Amino acid sequence: MDAEAAAPLLAGTSHAGTSWDLRGTFAASLAGLTTLLLVLLALFGQYAADLTDANVDRYYAWLSDVYVMVFLGFGFLMTFLRRYSYSAVSLNFVCSCLVILEALLAIGWVQQGWGTVSVDLPLLIDAAFCAGAAMISFGAVLGKASPAQLLWLLALEVPLYALNAQVVTGRWGALDVGGSITIHAFGAVYGLAASVWLSPKGAGSGHPKNGASYASDMTAMLGTLFLFIYWPSFNGALATAPGTDAQPRAFCVMNTVLALLGACLAGFAASAATGQLDMVHVQNATLAGGVAIGSAANLVMPPACALAVGIAAGALSTCGYLWLSPALERTCGVTDTCGVANLHGMPGVLGGLASALFAHLFYPANAALVAHGAKGQPGVQLAGLGCTLAAAAVGGACAGWAVSRASPAGQSLAAEDMFEDAHFWHEVEKEE
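Numbering (the UniProt record's numbering), first residue to last: 1 to 432.
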């Protein structure tokens with residue numbers, strides 16, 4: 001390559017000729033955050049003293065399954081945008097890695113106290129759950145925020161996620177083994193609140209590039225299938241504490257499978273009821289059962305209850321795509337690229353409500369898990385849900401405002417430049 005040809009690349013200009021200072025924003029931010037995490041881990045991190053091959057046998061397969069969901073499931077689900085597939089799967093990749101490292105420290109401190117963090121496989125799984133919440137938030141602003149904005153938005157989410165999860169499940173004793181409340185509802189509301197500040201006018205469904213192609217919908221469907229297959233592991237990975245009976249994990253798996261099956265059937269039925277099947281519904285509503293059963297997944301309940309939750313979640317999610325998303329955009333100006341309100345937000349709230357009901361109805365069979373009794377636990381579930389929604393809404397709005405205000409001049413995407421890979425990737429031509 002001669003000097004004349006190399007000049008645009010060295011100046012931070014894409015192959016398509018669009019100027020974008022990735023070095024001064026994304027590269028500098030990523031290098032700075034990585035260095036900070038390295039220093040903090042060197043000062044405060046150490047491996048747990050009881051790490052053995054038995055721990056690997058017990059947890060590593062579950063950790064791997066959760067990673068499949070985070071990196072492959074969420075990553076490919078977000079490739080539906082026909083001009084943003086590179087960025088969707090790749091920024092999901094790098095941001096998840098950053099969040100996992102940050103979450104090791106943040107979750108370690110809130111669980112273990114300030115000081116040395118003992119790193120083990122359960123903590124790695126918890127950190128991967130945090131990445132799941134962050135990628136849900138990512139979906140709300142997909143294609144509308146620059147890489148540096150995404151990086152900072154998700155980095156700011158980690159401490160709030162860790163604190164909220166510890167308060168709701170650690171201090172209050174709310175049931176949330178699969179994260180309906182603290183992962184899905186939290187991640188969705190945080191991302192939606194941030195999108196108010198990171199979504200310029202014209203970034204909604206009417207944007208000419210905010211849409212899929214036949215090929216991009218196929219790659220997104222791969223993400224759906226990965227998530228569908230591995231969701232029982234997500235809900236059951238930390239269901240059983242060391243040295244206790246494995247029965248709760250078994251119920252996590254069974255309840256989640258039944259809920260997913262119900263959501264798939266209901267999602268297809270509701271979509272077909274509109275007159276034609278819609279890939280948006282198929283890619284998302286079919287998974288809503290895994291979200292909705294999460295809080296109550298480890299409870300002993302009749303199989304029909306898990307199936308009913310899945311059916312309700314699949315139908316609710318499809319209805320959200322038909323009516324809620326357009327209403328949010330029309331009345332509030334909230335644009336939700338991936339429809340996280342419909343796949344994660346509403347089913348997450350449904351999951352919190354279902355866990356309150358089931359903790360009361362099936363208390364005798366779950367007395368060892370329900371810390372506050374048949375009468376007290378429903379109130380704790382509702383309080384945890386309310387706390388999570390409030391924390392996510394306030395935190396997401398503040399983080400979105402801060403990130404949007406801190407962006408250098410000219411380094412926020414204009415509406416006409418959104419949902420376009422050519423800004424950030426070498427040898428990608430901009431679609432005119």
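For glycine and all other residues, C-beta sits at the position ideal for the given N, C-alpha and C.
All values derive from a computational prediction rather than experimental measurement.
1) For K201, count neighbouring C-beta atoms within 10 Å of its own C-beta (all shown protein chains included) and say buried if the count is 16 or more, exposed if not.
2) Buried or exposed: where does Y67 fall if 16 or more other Cβ atoms within 10 Å of its Cβ makes it buried?
3) Can you check the segment 98-128 for any beta strand (DSSP E) of at least 3 residues that lies completely inside it and give the ranges in chain order?
4) What's the gap between the Cα of A393 and the Cα of A134?
5) What are the boundary residues of the beta strand (DSSP E) that includes G45?
6) Which one of M78, T116, A131 has the shortest CA to CA distance from C97?
7) Have a look at A365, A312, L222, A270 and flag the residue whose alpha-carbon is nearest the alpha-carbon of L258.
8) Would you call E102 buried or exposed, if buried means 16 or more other Cβ atoms sit within 10 Å of its Cβ?
9) G187: buried (16+ other C-beta within 10 angstroms of its C-beta) or exposed?
10) Alpha carbon to alpha carbon, how far is R171 from D417? Give it in angstroms, no decimals.
11) Please check the pair L153 and A194, which I expect to be a contact at CB under 8 Å, by giving their CB distance rounded to whole angstroms.
12) At 4 residues or longer, and completely inside the segment 298-362: list those alpha helix (DSSP H) runs for me, N to C.
13) Assuming F44 and V117 are in contact, meaning their beta carbons sit under 8 Å apart, how far apart are those beta carbons, in whole angstroms?
14) To which residues does DSSP link A415 through a beta bridge?
15) For P242, collect the residues of the same chain with a Cβ closer than 6 Å to its Cβ; drop the 5 residues on either side in sequence, then sort them by chain order.
16) Using the Cα positions of T35 and T224, report the straight-line distance between them to the nearest angstrom.
17) Whole-angstrom Cβ separation of A367 and T318, contact assumed at under 8 Å?
18) Determine the direct distance from the alpha carbon of G351 to that of G386, and round the result to whole angstroms.
19) For E427, count the other beta carbons within 10 Å of its own beta carbon; 16 or more makes it buried, fewer makes it exposed. Which is it?
Walking through what the data contain:
1) exposed
2) buried
3) 117-119
4) 14 Å
5) 45-47
6) A131
7) A312
8) buried
9) buried
10) 45 Å
11) 6 Å
12) 303-319, 346-361
13) 5 Å
14) In DSSP, A415 forms no bridge with anything.
15) Unreliable positioning characterises P242 in this predicted model, as indicated by a pLDDT of 45, which lies under 50. The coordinate reading is nonetheless provided below. Closer than 6 Å at Cβ, skipping near neighbours: no residue.
16) 34 Å
17) Not a contact, Cβ separation roughly 36 Å.
18) 13 Å
19) exposed
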